[in-house]
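These notes concern the structure reproduced below.
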Amino acid sequence: MRLLFPATLLAFLAALWVKAIYPASSGIADTDFYWHITYGQWMLEHRMLPPGDAFSWTFLNAPYQLTQWLGELLMGVAYNSGGLTGTKMLSVLLAAITIGFAWRGAARYVHTSLALGMAFVANLVQLVTPMRPQLFSFALLAIFTYLIVSWLETGRRRYLLVFPPLMALWVNLHGGFVVGLALIGLLAVGLTGEAILKNRVRSELYRLALAWLTVIASTAATLLNPYGIKALTTVLMIGGLRSSSVISEWMPVNLTTELGWFYLLNLVPFVAIMAVSGIRPRLTHGLIAGFFLVFGILANRQVAMCAAVMAPLLAALLSRTPNYEKMASSLSNPSRPLAHGLIAAALIASFPAIASKGDGTWAATMNLQYPVKATDFLIEHGLDKRVLSDTLEASYLIHRRVPVFIDGRMDLYRDSFFFTWYLASHGAPGWENILEQHQPGSLLLRQDMALRQLALASGQWKQVYEDARYSILVPMSTAGLPAIPPSSVRYLDANGGMVRLYMP
Amino acid sequence: MGYAISIPFVVLLAIFAYRAPSPSASGIIDPDYYWHLGYGDWIIQNGRLPTEDFWSWTFDGHAYRLTQWLGEVAMAFANQMGGTLGTSTLSALLVTLTLAASYKTARCFLDNRLAALAVSIGCNAILISLSCRPHQFTHLGLAVLTWIVASFQITGNRRVLYFIPVLMAIWVNLHGGYAVGLAYLWMMTGLVVVDAFISKRPDEIRAVAVPLAIAAVIGTLSTILNPYGWGAWVYAFEIASLKSSSAGIVDEWAATSIKAEVGLNFFLITSAMFVAMAAARQRPRIAQLLAAVALCAIGWSAVRISLMSTILMVPILASSLRSTSFYDLAFNGDGRRYDRLIPLPVAVGVLAALASLSVWLGRIDQTAARHVTANMPEQEVRFMQAHQIEGRILNAPEAGGYLIRKLGQKVSLDTRLDLYGDRALFEYLFARRGEVGWREYIERMNPDVVLINNQAALRQLLSGAGEYRLVFEGATYSILLKNSMRLDIPTVFTDLHNNPILSKLKS
Chain Y
9 MRLLFPATLL AFLAALWVKA IYPASSGIAD TDFYWHITYG QWMLEHRMLP
59 PGDAFSWTFL NAPYQLTQWL GELLMGVAYN SGGLTGTKML SVLLAAITIG
109 FAWRGAARYV HTSLALGMAF VANLVQLVTP MRPQLFSFAL LAIFTYLIVS
159 WLETGRRRYL LVFPPLMALW VNLHGGFVVG LALIGLLAVG LTGEAILKNR
209 VRSELYRLAL AWLTVIASTA ATLLNPYGIK ALTTVLMIGG LRSSSVISEW
259 MPVNLTTELG WFYLLNLVPF VAIMAVSGIR PRLTHGLIAG FFLVFGILAN
309 RQVAMCAAVM APLLAALLSR TPNYEKMASS LSNPSRPLAH GLIAAALIAS
359 FPAIASKGDG TWAATMNLQY PVKATDFLIE HGLDKRVLSD TLEASYLIHR
409 RVPVFIDGRM DLYRDSFFFT WYLASHGAPG WENILEQHQP GSLLLRQDMA
459 LRQLALASGQ WKQVYEDARY SILVPMSTAG LPAIPPSSVR YLDANGGMVR
509 LYMP
Chain X
246 MGYAISIPFV VLLAIFAYRA PSPSASGIID PDYYWHLGYG DWIIQNGRLP
296 TEDFWSWTFD GHAYRLTQWL GEVAMAFANQ MGGTLGTSTL SALLVTLTLA
346 ASYKTARCFL DNRLAALAVS IGCNAILISL SCRPHQFTHL GLAVLTWIVA
396 SFQITGNRRV LYFIPVLMAI WVNLHGGYAV GLAYLWMMTG LVVVDAFISK
446 RPDEIRAVAV PLAIAAVIGT LSTILNPYGW GAWVYAFEIA SLKSSSAGIV
496 DEWAATSIKA EVGLNFFLIT SAMFVAMAAA RQRPRIAQLL AAVALCAIGW
546 SAVRISLMST ILMVPILASS LRSTSFYDLA FNGDGRRYDR LIPLPVAVGV
596 LAALASLSVW LGRIDQTAAR HVTANMPEQE VRFMQAHQIE GRILNAPEAG
646 GYLIRKLGQK VSLDTRLDLY GDRALFEYLF ARRGEVGWRE YIERMNPDVV
696 LINNQAALRQ LLSGAGEYRL VFEGATYSIL LKNSMRLDIP TVFTDLHNNP
746 ILSKLKS
């Protein structure tokens with residue numbers, strides 16, 4: 009048997025290597041990361057799902073549905089097994105599945121080398137996406153798209169049979185399963201539309217019945233989770249929260265940002281091929297592409313979902329152009345087992361040293377990303393019972409098992425509580441009410457927060473800890489902790505240049 | 246059949262008749278409107294251009310270039326002639342002329358007048374709701390420029406290009422957006438060259454690219470015809486380099502968002518353009534495709550750029566639409582019968598009825614007045630005038646223009662960010678949201694009066710710190726006075742909480 013190591017496989021591994029050496033791939037850069045893994049750890053410790061909220065002192069034991077429990081459990085397992093390297097490897101695995109299935113889906117239509125290139129370009133965003141349960145949705149969307157194009161091209165029923173069990177898995181991994189349902193729904197609608205337009209409903213009846221039965225079975229499979237129908241209603245409730253309007257990942261895509269460019273990498277080729285070649289996608293492909301291109305631009309977090317489905321659709325379009333026919337003959341995928349094996353070995357061998365350098369740089373600035381030392385101070389001085397902090401810091405506090413005031417679980421806190429906090433934290437009138445009402449024992453605040461300045465100016469709070477980014481304030485009456493005067497922060501240099509970025 | 250006029254002409258006049266009496270078109274809802282008018286009045290009164298700032302106490306005497314002086318004079322003249330009705334009429338006129346120029350551009354490609362009208366209104370729909378500001382001159386300039394370029398490309402008549410230098414010489418004095426017009430002209434010239442090179446049509450370089458390039462060179466040179474010469478260019482670069490423009494602080498400079506009205510409109514126009522290109526029987530030229538991508542990309546960069554981009558998309562959309570099946574179905578064949586003339590008496594009757602209705606609606610419509618009350622320091626100015634409060638005012642930049650015109654006192658900041666620069670603006674913004682260093686900022690500025698947004702952290706900090714006291718609280722702004730000042734004015738104690746905001750968010 010001849011050993012094969014094609015160039016595409018080497019390129020695929022090289023892309024994953026880039027993701028693996030990128031420190032933020034572990035999830036550490038994501039503000040929700042720590043509460044996700046803490047939930048995973050909690051479930052591993054207790055061998056059960058949390059019956060209610062276990063992490064806040066404001067909503068302690070309040071009903072809470074952890075619909076993405078399996079995703080968090082896997083993150084917890086990865087973290088317990090290898091720390092940040094464990095979660096990083098999990099994110100690399102999920103990116104490999106996403107890009108891999110996008111590649112295989114595209115390869116249904118075009119040469120495998122070109123298919124890999126298209127899968128890379130479409131899913132470039134995967135290389136910089138940190139580990140979080142959403143990555144399961146990206147991977148499953150890529151798998152679903154692969155199954156759809158495979159069924160459309162081969163007609164083999166086995167591709168459809170996989171949908172319900174995958175959907176049962178997805179509903180427990182992440183709330184993005186509703187997008188998967190939409191994808192299968194678009195398949196059924198598209199095929200029905202094609203049959204009607206071609207006046208072939210009768211001859212296509214069997215295929216249509218299969219598609220619609222898959223939709224029904226997959227929808228029914230979403231009930232296979234600990235919360236039944238509530239898994240679906242929870243996702244719909246989250247979608248309706250107004251708090252998303254002030255959370256950056258829920259904001260519409262700004263095409264001048266890095267994420268905007270990732271989106272354009274999917275939009276521009278699809279439109280350009282149609283415009284230049286005059287080739288039209290089949291209705292089903294067009295519906296799916298149209299839906300995801302609009303869906304993708306509506307929110308930053310949806311760009312990667314759009315990317316996960318686009319490569320096979322783009323490949324289908326490209327394969328029908330006259331240019332592709334000319335191009336196809338010049339495409340190759342040489343196999344050089346020895347040379348490629350050596351390069352792969354070199355990449356693997358260099359990984360620990362390069363990855364540790366990046367991780368080390370990140371670790372050195374950890375105290376600027378998360379309140380590591382401030383939390384030590386809270387615990388050391390017994391101030392960790394009723395800490396009031398912003399959502400950004402709360403995730404880390406949860407990881408340290410310090411009860412929080414509010415964190416990124418908007419489905420638990422809901423709009424009213426969130427906005428009461430949001431306005432108070434920005435120093436809106438009545439800011440003091442939140443302190444009077446909840447009587448926190450300490451405030452862990454970033455130095456630039458208006459609430460910190462207001463609390464200090466009120467004379468009722470004193471600063472007892474300060475580092476480069478965080479402050480801890482306690483009531484003036486707290487004994488045994490001397491007040492530390494706040495230090496000044498530079499915003500502008502002598503020439504009026506911005507030392508700190510102003511975020512509107 | 247007696248005298249008759251076409252449907253597009255009637256529709257354009259109807260838009261004018263609808264918009265001219267509308268108070269929201271006058272500009273009173275725009276914070277910049279007030280200082281634009283102020284400058285126009287000053288120039289008319291003094292017969293010269295201002296050379297330095299005289300409206301702020303922070304930059305009093307600093308050199309200032311008023312490059313859009315002619316636009317401001319036009320606004321002031323309109324205002325002196327008819328008050329807010331004058332500026333709303335000017336605004337309606339500019340919008341109508343913009344639509345008309347875009348219509349003529351679309352007509353270069355479309356033989357059906359209704360199709361051309363639909364393209365013109367579709368691409369410029371948002372412009373109809375804009376209020377009077379100098380950037381409306383830029384919209385008109387861009388529409389006229391696309392008309393000139395499209396006419397030249399379709400007919401090959403070089404004489405139309407003679408209008409470009411004239412257009413640019415007027416435009417440079419009306420609004421800084423002339424730079425966008427020049428960029429478009431140079432972009433089109435470059436794309437024609439690229440297209441000709443790729444398509445191996447060297448004759449097009451001589452026939453199209455060279456005349457366009459000559460027009461672009463003369464057009465560029467003609468922009469020197471302004472009171473500041475090349476200084477207008479230096480000034481344009483200085484404004485473009487301001488971080489306050491790119492940081493998303495000013496709404497109209499924020500990146501275009503699909504969830505906002507302007508962004509959705511831009512998304513629909515760009516989608517329609519690309520769909521038309523994809524659906525067209527005739528494949529788009531490379532130049533057309535590249536122009537579409539470039540306009541799409543720059544349009545997403547900022548809200549106000551997106552409005553300009555859609556004007557420039559008119560020729561691309563129109564030329565692509567022409568060879569689609571949709572055009573054949575809707576505007577050719579049977580569809581052509583709707584492209585007809587309307588008898589003059591009927592048209593006049595309809596327009597007169599619409600004008601009467603608009604005038605009546607303009608009188609009873611309180612939307613703009615309510616907006617002014619809710620967003621401008623109207624009550625605050627009345628309070629300050631009633632109590633003869635004077636001194637160094639520290640104010641929100643967005644309130645500055647209104648204060649300049651209505652209060653008549655020098656302000657600390659307004660929306661002339663080209664005067665104040667990044668430093669003054671960001672120092673204020675950091676302090677307003679209560680970041681570290683607010684106290685130092687206040688000590689340095691040492692204002693007697695602080696006019697600040699009710700929700701701003703700085704308001705709470707100042708009243709909590711005890712050096713300033715609250716003497717007035719309006720719908721949007723509060724007035725705080727130094728403790729030692731005007732003790733005859735009582736301190737106001739409010740119990741302003743966030744319940745209205747929270748209720749609004751919950752609803």
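Quick note, the sequences are listed as chains Y and X, same order.
Reminder that position 75 of the first sequence reads as 83 in the numbering used here, one-by-one numbering, no gaps.
Reminder that position 196 of the second sequence reads as 441 in the numbering used here, one-by-one numbering, no gaps.
C-beta: ideal position from N, C-alpha, C; glycine also.
Quick caveat, the model's predicted, so the values are computed rather than measured.
Strictly below 7 Å CB to CB, what residues from chain A border residue i?
{"i": "Leu249 (chain Y)", "result": "Going by chain labels, chain A is absent from the structure shown, which instead holds the protein chains Y and X."}
When the distance is taken between beta carbons, is residue j closer than 8 Å to residue i?
{"i": "Pro330 (chain Y)", "j": "Arg116 (chain Y)", "result": "no"}
{"i": "Thr95 (chain Y)", "j": "Ala86 (chain Y)", "result": "yes"}
{"i": "Ser64 (chain Y)", "j": "Pro411 (chain Y)", "result": "yes"}
{"i": "Lys655 (chain X)", "j": "Asp277 (chain X)", "result": "no"}
{"i": "Ile250 (chain X)", "j": "Ala592 (chain X)", "result": "yes"}
{"i": "Leu339 (chain Y)", "j": "His119 (chain Y)", "result": "yes"}
{"i": "Val2 (chain Y)", "j": "Leu98 (chain Y)", "result": "Outside the shown range of chain Y (9 to 512) lies residue 2 (chain Y), about which nothing can therefore be said."}
{"i": "Arg454 (chain Y)", "j": "Tyr478 (chain Y)", "result": "yes"}
Using a Cβ cut-off of 8 Å, pull out every chain X residue sitting near residue i, in sequence order please.
{"i": "Leu263 (chain Y)", "result": "Ala500, Thr501, Ala542, Trp545, Ser546"}
{"i": "Ala280 (chain Y)", "result": "Leu534, Val538"}
If the cut is a Cβ gap below 7 Å, which residues of chain Y does residue i touch?
{"i": "Met522 (chain X)", "result": "Ala283"}
{"i": "Val716 (chain X)", "result": "Simply none; closest approach about 16 Å."}
Along chain X, which residues have their Cβ under 9 Å away from the Cβ of residue i?
{"i": "Ser496 (chain Y)", "result": "Val681, Gly682, Glu685"}
{"i": "Ala324 (chain Y)", "result": "Going along chain X, no residue has its Cβ under 9 Å from Ala324 (chain Y), so there is no contact; the nearest lies around 15 Å."}
With a threshold of 7 Å on Cβ separation, who are the neighbours of residue i within its own chain once the five nearest residues in sequence on each side are excluded?
{"i": "Ala312 (chain Y)", "result": "Val133, Gln134, Thr137, Phe146"}
{"i": "Ala352 (chain Y)", "result": "Leu18, Leu21"}
{"i": "Leu706 (chain X)", "result": "Gly679, Trp683"}
{"i": "Thr200 (chain Y)", "result": "Leu216"}
Give me the chain Y residues within the contact set of residue i, using Cβ-Cβ distance strictly less than 9 Å, ordered along the chain.
{"i": "Gln700 (chain X)", "result": "Leu431, His434, Gly435, Ala436, Pro437"}
Find the residues of chain Y that neighbour residue i, judging by a C-beta separation of less than 8 Å, and give them in chain order.
{"i": "Pro529 (chain X)", "result": "Ala283, Val284"}
{"i": "Ala710 (chain X)", "result": "Ala465"}
{"i": "Arg222 (chain X)", "result": "Because chain X is modelled from 246 through 752, residue 222 (chain X) falls outside the range shown and cannot be assessed."}
Please work out which residues of its chain come closer than 6 Å, Cβ to Cβ, to residue i, disregarding the five sequence neighbours upstream and downstream, and give them in chain order.
{"i": "Ala22 (chain Y)", "result": "none"}
{"i": "Ala395 (chain X)", "result": "Thr350, Cys353, Pro560"}
{"i": "Gly193 (chain Y)", "result": "Val223"}
{"i": "Ser752 (chain X)", "result": "Unreliable positioning characterises Ser752 (chain X) in this predicted model, as indicated by a pLDDT of 44, which lies under 50. The coordinate reading is nonetheless provided below. Hits under 6 Å: none found."}
Among the residues of its own chain, which have a CB less than 8 Å from the CB of residue i, if the five just before and after it don't count?
{"i": "Pro173 (chain Y)", "result": "Ala229"}
{"i": "Thr618 (chain X)", "result": "Gln624, Ala720"}
{"i": "Ser158 (chain Y)", "result": "Gly113, Arg116, Arg164, Tyr167"}
{"i": "Thr569 (chain X)", "result": "Ala521, Ala524, Ala525, Arg526"}
Of all the residues that make up the segment 447-464 of chain Y, which are near chain X by a beta-carbon distance shorter than 7 Å? Gln455, Asp456, Ala458, Gln461, Leu462
Report yes or no: do three or more beta-carbon pairs, one from the segment 335-353 of chain Y and one from the segment 140-149 of chain Y, lie closer than 8 Å? no
How about the segment 347-364 of chain X and the segment 380-396 of chain X: do they share at least three Cβ pairs that are nearer than 8 Å? yes
Residues from the segment 411-436 of chain Y in contact with chain X, defined by Cβ distance under 7 Å: Asp423, Ser424, Phe427, Thr428, Leu431, His434, Gly435, Ala436
Tell me which residues of the segment 446-457 of chain X have at least one Cβ-Cβ distance to chain Y shorter than 7 Å, keeping chain order. none
Tell me whether the segment 470-481 of chain X and the segment 402-419 of chain X touch, counting them as touching only if at least three CB pairs, one residue from each stretch, are closer than 8 Å. yes
Evaluate contact between the segment 253-265 of chain Y and the segment 544-562 of chain X, counting only Cβ atoms and requiring at least three cross-stretch pairs below 8 Å. yes
Meets three-Cβ-pair contact criterion under 8 Å: the segment 446-464 of chain Y and the segment 426-437 of chain Y: yes
Stretch-stretch touch, CB-based, cutoff 8 Å, three pairs: the segment 366-373 of chain Y with the segment 467-475 of chain Y: With a cut-off of 8 Å, the segment 467-475 of chain Y and the segment 366-373 of chain Y do not count as touching, because too few Cβ pairs lie within range.
Do the segment 308-321 of chain X and the segment 271-284 of chain X make contact, defined as three or more Cβ pairs closer than 8 Å? Counting C-beta pairs with one atom in each stretch, the segment 308-321 of chain X and the segment 271-284 of chain X have three or more that are closer than 8 Å, which means they touch.
Could you tell me whether the segment 659-668 of chain X touches the segment 301-316 of chain X, where touching means 3 or more Cβ pairs closer than 8 Å? yes
Three-pair Cβ contact test at 8 Å for the segment 417-435 of chain X versus the segment 446-462 of chain X: yes
Using 8 Å as the cut-off, can you tell me whether the segment 721-737 of chain X makes contact with the segment 629-648 of chain X, which would need three or more C-beta pairs spanning the two stretches below that distance? yes
Identify each residue in the segment 152-176 of chain Y for which the Cβ-Cβ distance to at least one residue of chain X is less than 7 Å, and report them in chain order. none
Does the pairing of the segment 257-266 of chain X with the segment 585-605 of chain X give three or more beta-carbon distances under 8 Å? yes
Should the segment 323-343 of chain X be regarded as contacting the segment 365-379 of chain X, the criterion being three or more beta carbon pairs within less than 8 Å? yes
With contact counted as at least three CB pairs below 8 Å, one residue from each stretch, are the segment 478-496 of chain Y and the segment 712-719 of chain X in contact? no
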